[in-house]
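When the letters of the sequence shown are read in order and numbered with my numbering, they come out as residues 7 to 128.
From the three backbone atoms N, C-alpha and C, an ideal C-beta is built for every residue, glycine too.
Please read all numbers here as calculations on a predicted model, not as lab measurements.
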Amino acid sequence: MDGLTESNNGVPEPHTGWTFVTNHARVLAAIADDRNARIRDIAARCRLTERAVQKIISDLERDGYLSHTREGRSNTYRIAPGKVLRHPAEAGLTVASLLSLLVQDEANRTSLPDDRRQHSSA
7 MDGLTESNNG
17 VPEPHTGWTF
27 VTNHARVLAA
37 IADDRNARIR
47 DIAARCRLTE
57 RAVQKIISDL
67 ERDGYLSHTR
77 EGRSNTYRIA
87 PGKVLRHPAE
97 AGLTVASLLS
107 LLVQDEANRT
117 SLPDDRRQHS
127 SA
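Okay, here's the thing in structure tokens:
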């Protein structure tokens, strides 16, 4: 699995210690890189279990940061780029501004809605 360290039962080993980015931000960035990503692929990339990713996606959808449409057996996700981040310390910052720092796929940055590109160029 692309260098992912796993325990004997196939579950990604958790990272120990603190990190700069939350799991919610990691999942959102993985989806921004691939709007059709499978939960399995998001979990592998973020070093999380599939169950944890499902819960995070549910949180993000419940609070309006993410939505999905079902296409056959797969999902296509849509991110709300203008949605403001939740923590008071990030008051006024949008999802687009966060993703401009985290998204790794440059091609996706240029194909985002205009409002996201405006925020990411600031």
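Query	Result
Identity of the residues DSSP links to N81 by a beta bridge	R76
Bridge-paired residues (DSSP) for V33	In the DSSP output, where bridge partners are listed per residue, V33 has none listed.
Between the CA atoms of R79 and A102 - distance to the nearest angstrom	28 Å
First through last residue of the alpha helix (DSSP H) which encompasses D40	From DSSP, D40 is part of no alpha helix (DSSP H); its letter is neither H nor E.
Cβ contact check for the region 37-45 and the region 75-91: 3 or more pairs under 8 Å	yes
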